[in-house]
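A quick write-up on the structure given underneath.
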Amino acid sequence: MLFLPYGTDAPLYHWPIATGTIIFANVAIFFATTAQVLFGNMEIESVEFLILQFNQINPFQWISNAFMHGGFMHLLGNMFFLWAFGIVVEGKIGTAMFTGLYFLIAAMDGAAVQVPMFLLSGEGAALGASGVIFGLMVIAMLWAPENEVDCFYMIFFTFGTAEIRIIALGATFVFMQVAFLFLGGFSMSSEMLHMIGAAIGLPIGVLMLRQGLVDCEGWDVISRNPFLQEYELLCSEKQRRRILRQTESTDDPMSAALRTSSTAAVQTPTVVASKTAAAIPVVPAVKAKTQSRMPNLFSRKRAGVAAQQPAPNVSAHPDFNRLAFTLRQSIQTETMATAEQAFARIEQLKLSSAISDRTLFAYASLLGKRKRWLEAIHPLTIIANHNRELADPSRIRISQIQLTVMKKPELAIQTLLQIKDSENQTAALIKKRDQLLASARK
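Quick look at the structure:
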């Protein structure tokens, strides 16, 4: 069985210069060392100093072994995987930071293998970039889980290409390594080397997200799963505020359009809009909670950004994941027709309660960008009824439409009065509420 990833649909904001250079270096070093040994032009002893030897502790080998490979197929497989996951990671953080990250993982991986083996047995050796690649794979799983990797496969006499989500591909390979480790008795092996690399990549990927060193535009694992944001170890308070600001930004296209257009055009409501244009429900506000001043890194947060729990069993619908992914992707690419179709189908299946508030908010913003205000009310109302962290920002947007588009200040006042002062509210949101209330009462 042969399985080789070669491309991705993940958005890349930097050219893969470092990834390409590292691949070139691996190929060049292979033909200068291992290939010469295989062809009989060089003795193996002359290249052993580059391999991770377990009878010594040599920091130079922590790096050099990651550029050595035992054969052509070993090199080929590693380089394909390095390309697929390297371009995802480098595409988000740039050449300089990726280069440092690559060598950091290589050094940590080499040390994590050589030092314990030197102390335990002092026998054997290891080589190859697969440990670093597994570290990059786990980071890609964290940063771009829902993007896809293009893969070539050959199983016996069957071959072809497939598009596989990064989270699914990575999880499959991790599961395989763990399974082989159980079968092999957890001895030092290729699978153990791979899992050591993965274990190194995991905290690095989380830390870079936590410190704001990488911008995944809200598509990373932490941002897409609000329950993870409750753990201080995974998501700092600063990161939670940053995630919230991505959806509560003052340059939201809906707010900007409403601010700059005193005579906003109201399009004829579609089937989706007709459900909500006639009467806008006034939704209750969330009661404020007291936030602990002494966060525990391993305990769930009791306040701050609340988790967005989907309705029970709704997300288990066989079409939910496909429709939700289509909706998110079409919002990201601003493909209005596709987004409308996906949302209408989600509504028809009564699955809208399981769509994340962040996705609903982004969909409403896209509708607002097209000046389709009445249609934007429905997803905003769903968010407000959820009574989670985006409920009050959604009430602000609803009141703007009620006041500016529908010309119903009394409805806007009712909606705005549901936004209560609390320590969890941002000053900007309270100020916006007060400004809109003043305008509605004129």
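Going by the UniProt record's numbering, 37 is the number at position 37 of the sequence shown; the sequence numbering is gapless. Every residue gets a Cβ at the ideal spot worked out from N, C-alpha and C, and that includes glycine. In this text the structure is predicted, and so the values were computed from the model without any measurement.
Bridge partners - Val89, DSSP secondary structure assignment: Walking along the sequence shown from the start, residue 89 turns up at place 89. Paired residues: none, contrary to the question.
Name the DSSP beta bridge partners of Met188, please? Counted from its first residue, the sequence shown places residue 188 at position 188. Per DSSP, none; premise fails for Met188.
Give me whichever residues DSSP pairs with Ile53 in a beta bridge. Locating residue 53 in the sequence shown gives position 53, counting from the first residue. For clarity, residue 53 is Gln in the given sequence; the question names Ile instead. Paired residue(s): Ala125.
Should Asn26 be labelled buried (16 or more other beta-carbon atoms within 10 Å of its own) or exposed? Translated into positions along the sequence shown, residue 26 becomes position 26. Classification for Asn26: buried.
So, Ile377 versus Ile401, is the Cβ gap smaller than 8 Å? On the sequence shown, residue 377 is found 377 positions in, with the first residue counted as 1. On the sequence shown, residue 401 is found 401 positions in, with the first residue counted as 1. Taking 8 Å as the Cβ cut-off, Ile377 and Ile401 qualify as a contacting pair.
Assigned secondary structure, Tyr13 (DSSP; H/G/I helix, E/B strand, else coil): Here residue 13 is taken as the residue at index 13 of the sequence shown, counted from 1. Coil at Tyr13, not helix or strand.
By Cβ distance, which residues of its chain are closer than 7 Å to residue 446, with the 5 residues on each side in sequence left out? This structure cannot settle anything about residue 446, because the visible part of the chain is limited to 1 through 442.
Since His386 and Leu349 should fall inside the 8 Å C-beta cutoff, what is the C-beta to C-beta distance between them, to a whole number of angstroms? Looking up residue 386 in the sequence shown gives position 386. Looking up residue 349 in the sequence shown gives position 349. About 18 Å separates the two Cβ atoms, so there is no contact after all.
Option in Asp434, Val138 and Ser422 with minimal Cα separation from Ser399: Start at 1 with the first residue of the sequence shown, and residue 399 comes out as number 399. Nearest option by C-alpha distance: Asp434.
Just checking my contact of Ala84 with Thr161 at CB under 8 Å: how many whole Å lie between their CB atoms? Position 84 of the sequence shown, counted from the first residue, corresponds to residue 84. Position 161 of the sequence shown, counted from the first residue, corresponds to residue 161. Contact flag wrong, Cβ pair sits at about 13 Å.
Reduced DSSP secondary structure (H/G/I, E/B, other) of Thr426: Taking the first residue of the sequence shown as position 1, residue 426 is located at position 426. Three-state DSSP puts Thr426 in coil, outside helix and strand.
Thinking C-beta only, is Met42 closer than 8 Å to Gly128? As a first step, residue 128 must be located in the sequence shown, where it is residue number 128. As a first step, residue 42 must be located in the sequence shown, where it is residue number 42. The answer is no: Cβ separation not under 8 Å.
Taking its Cβ as the centre, do 16 or more other Cβ atoms sit within 10 Å of Ile44, making it buried, or is it exposed? For the purposes of this step, residue 44 is identified with residue 44 of the sequence shown, where counting begins at 1. Ile44 comes out exposed.
Ordered along the chain, which non-local residues of its own chain (more than five positions away) have a Cβ less than 6 Å from that of Ala440? For the purposes of this step, residue 440 is taken as the residue at position 440 of the sequence shown. Correct list, in chain order: Leu403, Pro409, Ala412 and Ile413.
Look up Arg395 in the DSSP assignment and give the residues it is bridged to. Counting from one through the sequence shown, the residue named residue 395 turns up at place 395. According to DSSP, which records beta bridges pairwise, Arg395 is partnered with nothing at all.
Report all residues from its chain with a CB closer than 8 Å to the CB of Leu181; omit the five preceding and five following residues, and keep chain order. Working through the sequence shown from its first residue, we reach residue 181 at position 181. Excluding residues within five positions, the ones whose Cβ falls inside 8 Å are Ser189, Glu191, Met192 and Met195.
With 16 other CB atoms within 10 Å as the buried threshold, where does Ser64 fall? Locating residue 64 in the sequence shown gives position 64, counting from the first residue. Buried, because 16 or more other Cβ atoms sit within 10 Å of the Cβ of Ser64.
Spatial neighbours of Trp219 within its chain, please: CB distance less than 7 Å, with the 5 preceding and 5 following residues excluded, ordered by chain position. Walking along the sequence shown from the start, residue 219 turns up at place 219. Answer for Trp219: Ala144 and Glu146, listed in chain order.
Taking only the alpha-carbon atoms, compute the straight-line gap between Ala10 and Ile383 and give it to the nearest angstrom. Locating residue 10 in the sequence shown gives position 10, where the first residue counts as 1. Locating residue 383 in the sequence shown gives position 383, where the first residue counts as 1. The straight-line gap from Cα to Cα measures roughly 28 Å.
Strictly under 8 Å for the Cβ-Cβ distance: is Lys432 near chain C by that measure? Reference to chain C is not applicable here, since this structure consists of a single protein chain.
Mapping the DSSP letters down to three states, classify Pro5 as helix, strand or coil. For the purposes of this step, residue 5 is identified with residue 5 of the sequence shown, where counting begins at 1. Looking at Pro5 - three-state DSSP - the assignment turns out to be strand.
Segment limits, alpha helix (DSSP H) that includes Met137: For the purposes of this step, residue 137 is identified with residue 137 of the sequence shown, where counting begins at 1. That run of the alpha helix (DSSP H) goes Ser130 to Trp143.
In DSSP terms, what Gly160 is bridged to: Taking the first residue of the sequence shown as position 1, residue 160 is located at position 160. Bridge partners of Gly160: Tyr153.
Could you check what DSSP says for Arg165 in three-state terms: helix, strand or coil? If you number the sequence shown from 1, residue 165 lands on position 165. Residue state, collapsed to three classes: strand.
Evaluate contact between the stretch 12-24 and the stretch 74-90, counting only Cβ atoms and requiring at least three cross-stretch pairs below 8 Å. yes
Backbone secondary structure at Glu148 - three-state DSSP: The count along the sequence shown starts at 1 and reaches residue 148 at position 148. Residue state, collapsed to three classes: strand.
Selected residue, minimal CA-CA separation from Ile396, among Lys407, Gln418, Glu423 and Met406: Taking the first residue of the sequence shown as position 1, residue 396 is located at position 396. Ile396 has its Cα closest to that of Gln418, out of Lys407, Gln418, Glu423 and Met406.
Report the residue from Ile139, Thr33 and Ala428 whose alpha carbon sits nearest the alpha carbon of Ala199. By 1-based counting over the sequence shown, the position of residue 199 is 199. Nearest C-alpha to Ala199: Ile139.
Compute the Euclidean distance between the alpha carbons of residue 443 and Ala364, then round it to the nearest angstrom. This structure does not reach residue 443, given that the chain is present from 1 up to 442, and the question cannot be answered.
Let's see if you can read the secondary structure: which residues bound the alpha helix (DSSP H) around Cys340? As a position in the sequence shown, residue 340 is number 340, starting the count at 1. For clarity, residue 340 is Glu in the given sequence; the question names Cys instead. Met336 to Gln348 is the span of the alpha helix (DSSP H), which, as asked, contains Glu340.
Within the same chain, show all residues whose beta-carbon is closer than 7 Å to that of Met141, passing over the 5 residues directly before and after it, in chain order. In the sequence shown, residue 141 corresponds to position 141, counting from 1. Within the same chain, Met141 has close Cβ partners Ile166, Ile167 and Gly170.
Other residues of its chain near Ser352: CB distance less than 7 Å, five sequence neighbours each side excluded: To locate residue 352, count along the sequence shown from 1; it is residue 352. Within the same chain, Ser352 has close Cβ partners Ile346 and Ile382.
Distance, Leu366 Cα to Lys407 Cα: Here residue 407 refers to the residue found at position 407 when the sequence shown is read from its first residue. Here residue 366 refers to the residue found at position 366 when the sequence shown is read from its first residue. So the alpha carbons of these two residues sit roughly 22 Å apart.
In chain order, what are the residue ranges of uninterrupted alpha helix (DSSP H) at least 4 long that sit wholly in the stretch 176-242? 190-210 and 221-224
Proximity winner among Pro116, Ile93 and Leu50, relative to Leu12 (alpha-carbon distances): Here residue 12 corresponds to residue number 12 of the sequence shown, with the count starting at 1. Among Pro116, Ile93 and Leu50, the Cα nearest to that of Leu12 belongs to Ile93.
Which of the three DSSP states is assigned to Arg358 in this structure? Here residue 358 refers to the residue found at position 358 of the sequence shown. Looking at Arg358 - three-state DSSP - the assignment turns out to be helix.
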